[in-house]
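*Asks:* Listed in order, the protein sequences are those of chains S and W. Going by my numbering, the first sequence opens with residue 3, and the numbers climb by one from there. Going by my numbering, the second sequence opens with residue 3, and the numbers climb by one from there.
Number of protein chains: 2
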Amino acid sequence: MPTLRDVAKLAGVHQSIVSRVLNDDKKTSVKEETRRRVLEAAEALGYWPNALARGLKLKSVGSLALVIPDISNPVYAEIIRGAEQEARRSGHFLLLASTEGTDPGELEFLQSLLEGRVDGVILANALVEDAVIDDLEAGRYPYVLVNRRSQRASRYVVADDAAGAMLAVNYLIDRGHRRIGHLAGPPTADTALTRKYGYRQAIEAAGIAFHEDLVIEGSYSTDSGRVGIRRLLSLKDPPTAVFAANLRVAAGAMDAARRTGTRIPEDLSVVAMHDTELAELLSPGLTTVRLPLEGLGREAVRMLLRVARGEPGPEQVVLLGAELVERESVSPI
Amino acid sequence: MPTLRDVAKLAGVHQSIVSRVLNDDKKTSVKEETRRRVLEAAEALGYWPNALARGLKLKSVGSLALVIPDISNPVYAEIIRGAEQEARRSGHFLLLASTEGTDPGELEFLQSLLEGRVDGVILANALVEDAVIDDLEAGRYPYVLVNRRSQRASRYVVADDAAGAMLAVNYLIDRGHRRIGHLAGPPTADTALTRKYGYRQAIEAAGIAFHEDLVIEGSYSTDSGRVGIRRLLSLKDPPTAVFAANLRVAAGAMDAARRTGTRIPEDLSVVAMHDTELAELLSPGLTTVRLPLEGLGREAVRMLLRVARGEPGPEQVVLLGAELVERESVSPI
DNA sequence: TCACTGTGTGCAAACGCTTCCACAATAAGA
DNA sequence: TCTTATTGTGGAAGCGTTTGCACACAGTGA
Numbered sequence: 003m004p005t006l007r008d009v010a011k012l013a014g015v016h017q018s019i020v021s022r023v024l025n026d027d028k029k030t031s032v033k034e035e036t037r038r039r040v041l042e043a044a045e046a047l048g049y050w051p052n053a054l055a056r057g058l059k060l061k062s063v064g065s066l067a068l069v070i071p072d073i074s075n076p077v078y079a080e081i082i083r084g085a086e087q088e089a090r091r092s093g094h095f096l097l098l099a100s101t102e103g104t105d106p107g108e109l110e111f112l113q114s115l116l117e118g119r120v121d122g123v124i125l126a127n128a129l130v131e132d133a134v135i136d137d138l139e140a141g142r143y144p145y146v147l148v149n150r151r152s153q154r155a156s157r158y159v160v161a162d163d164a165a166g167a168m169l170a171v172n173y174l175i176d177r178g179h180r181r182i183g184h185l186a187g188p189p190t191a192d193t194a195l196t197r198k199y200g201y202r203q204a205i206e207a208a209g210i211a212f213h214e215d216l217v218i219e220g221s222y223s224t225d226s227g228r229v230g231i232r233r234l235l236s237l238k239d240p241p242t243a244v245f246a247a248n249l250r251v252a253a254g255a256m257d258a259a260r261r262t263g264t265r266i267p268e269d270l271s272v273v274a275m276h277d278t279e280l281a282e283l284l285s286p287g288l289t290t291v292r293l294p295l296e297g298l299g300r301e302a303v304r305m306l307l308r309v310a311r312g313e314p315g316p317e318q319v320v321l322l323g324a325e326l327v328e329r330e331s332v333s334p335i
Numbered sequence: 003m004p005t006l007r008d009v010a011k012l013a014g015v016h017q018s019i020v021s022r023v024l025n026d027d028k029k030t031s032v033k034e035e036t037r038r039r040v041l042e043a044a045e046a047l048g049y050w051p052n053a054l055a056r057g058l059k060l061k062s063v064g065s066l067a068l069v070i071p072d073i074s075n076p077v078y079a080e081i082i083r084g085a086e087q088e089a090r091r092s093g094h095f096l097l098l099a100s101t102e103g104t105d106p107g108e109l110e111f112l113q114s115l116l117e118g119r120v121d122g123v124i125l126a127n128a129l130v131e132d133a134v135i136d137d138l139e140a141g142r143y144p145y146v147l148v149n150r151r152s153q154r155a156s157r158y159v160v161a162d163d164a165a166g167a168m169l170a171v172n173y174l175i176d177r178g179h180r181r182i183g184h185l186a187g188p189p190t191a192d193t194a195l196t197r198k199y200g201y202r203q204a205i206e207a208a209g210i211a212f213h214e215d216l217v218i219e220g221s222y223s224t225d226s227g228r229v230g231i232r233r234l235l236s237l238k239d240p241p242t243a244v245f246a247a248n249l250r251v252a253a254g255a256m257d258a259a260r261r262t263g264t265r266i267p268e269d270l271s272v273v274a275m276h277d278t279e280l281a282e283l284l285s286p287g288l289t290t291v292r293l294p295l296e297g298l299g300r301e302a303v304r305m306l307l308r309v310a311r312g313e314p315g316p317e318q319v320v321l322l323g324a325e326l327v328e329r330e331s332v333s334p335i
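1) Rounded to a whole number of angstroms, what is the C-alpha to C-alpha distance between Glu-328(W) and Leu-174(W)?
2) Relative to the C-alpha of Ala-53(S), which residue among Val-63(W), Gln-318(W), Leu-293(W) and Asp-257(W) is closest?
3) Run the CB neighbour count on Ala-79(S), radius 10 Å, all protein chains shown included, and call it buried at 16 or more, exposed below.
4) Tell me whether Pro-106(W) is buried or exposed, calling it buried when 16 or more other Cβ atoms sit within 10 Å of its Cβ.
5) Measuring only the C-alpha atoms, how far is Ala-170(W) from Ala-246(W)?
6) By Cβ distance below 8 Å, which residues in the same chain neighbour Glu-42(S) in space, the five residues on each side in sequence not counted?
7) Taking 7 Å as the CB-CB cut-off, is Ala-247(S) touching chain W?
8) Which runs of the alpha helix (DSSP H) spanning at least 4 residues fall entirely within the segment 117-177 of chain S, listed in chain order?
9) Using beta carbons (cut-off 7 Å, strictly below), is Ser-221(S) in contact with chain W?
10) When the cut-off is 7 Å and only beta carbons count, does Arg-177(W) lie next to chain S?
11) Suppose contacts are defined by Cβ-Cβ distances below 7 Å. Is Leu-298(W) in contact with Asn-127(W) by that definition?
12) Assuming Ile-205(W) is part of the alpha helix (DSSP H), what are its boundary residues?
13) May I ask you to list, following chain order, the residues of the segment 73-88 of chain W that have a beta carbon less than 8 Å from some beta carbon of chain S?
14) Nearest to Ala-208(W) by alpha carbon, out of Arg-157(W), His-179(W) and Pro-71(W)?
15) Does the beta carbon of Gly-338(S) come closer than 7 Å to any beta carbon on chain W?
16) Alpha helix (DSSP H) containing Met-3(W): first to last residue?
17) Look at the alpha carbon of Val-320(S) and the alpha carbon of Arg-233(W), and state the distance between them as a whole number of angstroms.
18) Answer yes if the segment 117-125 of chain W comes into contact with the segment 45-61 of chain S, meaning at least three C-beta pairs across the two stretches below 8 Å, and no otherwise.
19) Would you say Glu-268(W) reaches chain S, if we count a Cβ-Cβ gap shorter than 7 Å as a contact?
20) Can you give me the start and stop residues for the beta strand (DSSP E) that Glu-325(S) sits inside?
21) Helix, strand or coil: how does DSSP classify Leu-96(W) here?
22) How about Leu-185(S) and Val-244(S): do their beta carbons lie closer than 7 Å?
23) Can you check whether the CB of Ser-333(W) is closer than 7 Å to the CB of Ser-236(W)?
24) Starting from Gly-57(W), find everything on chain S with Cβ-Cβ shorter than 7 Å and list it in chain order.
25) When Cβ atoms are compared, which residues of the segment 117-141 of chain W fall closer than 7 Å to chain S?
26) Do Met-168(S) and Gly-336(S) count as a contact pair if the criterion is CB distance below 7 Å?
27) I believe Thr-157(W) touches Glu-317(W) by the beta-carbon criterion, under 8 Å. Please report the beta-carbon distance rounded to the nearest angstrom.
28) Decide if Ala-46(S) is buried, meaning its Cβ has at least 16 other Cβ atoms within 10 Å, or exposed.
29) Give the secondary structure of Pro-106(W) by DSSP, where H, G and I count as helix, E and B as strand, and everything else as coil.
30) If I measure Cβ to Cβ from Ala-324(S) and keep anything under 6 Å in the same chain, skipping five residues before and after, which residues do I get?
31) Is the Cβ of Pro-106(S) closer than 7 Å to any Cβ of chain W?
32) Could you list which residues in chain S have their beta carbon closer than 9 Å to that of Ala-164(W), in chain order?
33) Measuring CB to CB, does Ser-223(S) end up less than 7 Å from Ile-266(S)?
34) Under 7 Å between C-beta atoms, does Ser-100(S) make it to chain W?
35) Under 8 Å Cβ to Cβ from Leu-60(S), same chain only, skipping five residues before and after it: list those, please.
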């Protein structure tokens, strides 16, 4: 790996000149002839500045950390993709850290993560402890929460989960459904609560009575969907449609429903939050609400870079743009 | 962020002592009392060494790059997960770079990737150009190819795709199938060729004639599965079973088959390569062959770190351990 | 008493870069 | 002719580490 000095020697100038030329320093002028020689030398040697040395000097290294709980979850995959794109667009790299079960000493973990090797961190991690957030706030360390709000966090970017939920439920209502169940997510997740809130809003706005027993709380897993739908279907007056808080939940529910002889959509309509490849491949194709997850990732990176540079701007962003994706899992009543 | 000097000042010693204590340097001895003071000071200040400065000095920075073509693909997600785990286990971080369509100037891209900010790079990228590999070889830069072999690459780790394919096909043969189709992947992909080879081996080993027209080459996409299965089903003597080179292909095939009134598994048995959540959520549940993808990621990291340290070891690894996962998409004939 | 061997600590250079400052040379104004 | 500004270049410090080396101070054996 050639260094600045190597280039300088070849060009017959001092390394400081090389640095200035390569960084296009406005504050100093260099003779055109010299500039040419420098550029040629750099080209000839295949010179690339060393990011470490640069970062050490400039106290900004050109990479960001993205902390997520589970890489295999397609929801996070989309957030990652958006973040990666935006990071690259602005000349940054993404350091990916997955917590997958790494709970104890998560704080240590984060601290070690920093070590000065990133300019900031994005937490797409619903499971992060409040203590971690407090710590980040106290340390004035650039960070952004994504897909999760928190009282203690001053910065986050989330999707409009409530509007998304309303969109889904209204779609069912428009098709004549009155008895609509909700397979909710874990009550510990901010997104789950918001979706549940949206569900209720839509129900009541349509003049339908809200029934607590039509809402089954669980986790964001297929099994939770299976269990939930069985409970709903065994009610004395079962729902004709359900809104699932999540694709996995919906997939589990569809599977379990089918096994008990319930046909979808003839006997039961299903709408789910999130729209990944899976929704299309299930049969029947699942009608979903698509949230701008990639946008979440992108926006988080933008906000983080702003914060890291000390620029002003919005610190709590709710990204609008939920969209209904029609497939075959809903039939009118 | 406190520095070594801050700690030294607080402990009343020179920074070199602090460095030695903290790195547990065997070559110098330090008084027990001094060591204690240093550790206390470091603790009190919440000192963490700066990875950049350290990396600059040591020429090894403690992170690796993982280059993949598509984050949303669950196959890569597993590789990423394995790599991430192994990286963390050995105290390294993973820099994730996705190429998603970034084809032009990929070489530039890689070079800039390095910039000294990683100790090596793992290419889980089937699309990487040969020129890039040549460059890496020429530059003696630590790198490992994963899930892809190449003539020009001296180091790779792949799964035993051939054995996996044979496992799948034999499973069908054991259940009485004789006319077995193969929805192959793109002929440009090493994995696709190997799977096709395995398919043929299994067929011929069972004394069944190999028919070129039972093999449909395409891409690793659902649409390719749809198109392929239509062609197979429209043969004058259509297969009773197919082996799909990939989950997406299988999902597309199942969907298209169903739409033409073909029942699965009654009329057509399906086995696919790869086993992700999707396989379980399809209906019927898809019988698959699981390849040790996480292991691929882990092994790649191990190999890379070995290479980066200049240690000897195997440079071409075929990771055994394909496993058949039985579900409901196959019926005996 | 003298050399010798450990033991414990500090000095200073180096990793590759950026940037403030000094300074030489030329050009311009008084 | 003498300042004064402008342009172009080099010197050198410093970012936070690690580590070879020097050195001071014991303790040991002759």
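A virtual CB, placed ideally from N, CA and C, is assigned to each residue, including glycine. Model, not experiment: these values are computed from the prediction.
*Replies:* Quick answer:
1) So the two alpha carbons sit approximately 11 Å from each other.
2) For the options Val-63(W), Gln-318(W), Leu-293(W) and Asp-257(W), the alpha carbon positioned closest to that of Ala-53(S) is the one of Val-63(W).
3) When all chains shown are included, Ala-79(S) counts as buried.
4) Confidence at Pro-106(W) is low in this model, with a pLDDT of 46, below 50, so its placement is unreliable and the value that follows should be read with caution. By the neighbour-count rule (16 or more Cβ atoms within 10 Å), Pro-106(W) is not buried but exposed.
5) Here the alpha carbons of Ala-246(W) and Ala-170(W) stand approximately 9 Å from one another.
6) Shown here for Glu-42(S): same chain residues with a beta carbon closer than 8 Å to its own, the five before and five after excluded, namely Ala-13 in chain order.
7) It does not; no Cβ of chain W falls within 7 Å.
8) The qualifying runs are 132-140 and 163-176.
9) Ser-221(S) does not count as touching chain W.
10) Any Cβ of chain S closer than 7 Å to the Cβ of Arg-177(W) would place that residue at the interface, and such an atom is absent.
11) In this structure, Asn-127(W) does not lie closer than 7 Å to Leu-298(W) by Cβ.
12) Membership of Ile-205(W) in the alpha helix (DSSP H) is indicated by the continuous run 192-207.
13) Under the 8 Å Cβ criterion, the segment 73-88 of chain W contributes Ile-73, Ser-74, Pro-76, Ala-79, Glu-80, Ile-82, Arg-83, Glu-86 and Gln-87.
14) Of Arg-157(W), His-179(W) and Pro-71(W), the smallest CA-CA separation from Ala-208(W) is found for His-179(W).
15) The question about residue 338(S) has no answer, for chain S in this structure spans 3 to 335.
16) In the DSSP assignment, Met-3(W) falls outside any alpha helix (DSSP H), carrying neither H nor E.
17) A direct Cα-to-Cα measurement between Val-320(S) and Arg-233(W) gives close to 47 Å.
18) The segment 45-61 of chain S, when compared against the segment 117-125 of chain W, does touch it at the 8 Å Cβ threshold.
19) By the rule that beta-carbons nearer than 7 Å mark a contact, Glu-268(W) does not touch chain S.
20) 325-327 is the span of the beta strand (DSSP E), which, as asked, contains Glu-325(S).
21) In the three-state reduction of the DSSP assignment, Leu-96(W) falls in the strand class, which pools E and B.
22) Contact: yes.
23) The criterion of a C-beta distance shorter than 7 Å is not satisfied by Ser-236(W) and Ser-333(W).
24) Leu-54, listed in chain order.
25) Within the segment 117-141 of chain W, the residues whose Cβ lies closer than 7 Å to any Cβ of chain S are, in chain order, Glu-117, Gly-118 and Arg-119.
26) Summary: the structure shown does not reach residue 336(S), with chain S confined to residues 3 through 335, and so no result is reported for it.
27) The sequence shown places Arg at residue 157(W), rather than the Thr named in the question. About 5 Å separates the CB atoms of Arg-157(W) and Glu-317(W); that is less than 8 Å, so the two are in contact.
28) Counting Cβ neighbours within 10 Å, Ala-46(S) comes out exposed, since fewer than 16 surround it.
29) Note on Pro-106(W): pLDDT 46, under 50, position unreliable in the model; no value is reported.
30) Taking Ala-324(S) as the centre and dropping the five residues before and after it, the same chain places the C-beta of Asp-162, Ala-165, Gly-166, Leu-169, Val-291 and Leu-293 closer than 6 Å to its C-beta, in chain order.
31) At Pro-106(S) the pLDDT is 47, less than 50, meaning the model places this residue with poor confidence and gives no usable figure here.
32) Among the residues of chain S, none has a CB under 9 Å from the CB of Ala-164(W); the nearest is roughly 26 Å distant.
33) 7 Å or more divides the Cβ of Ser-223(S) from the Cβ of Ile-266(S).
34) Interface with chain W (7 Å Cβ-Cβ cutoff): Ser-100(S) is included.
35) Apart from sequence neighbours up to five positions away, no residue of its chain approaches Leu-60(S) with a beta-carbon distance below 8 Å.
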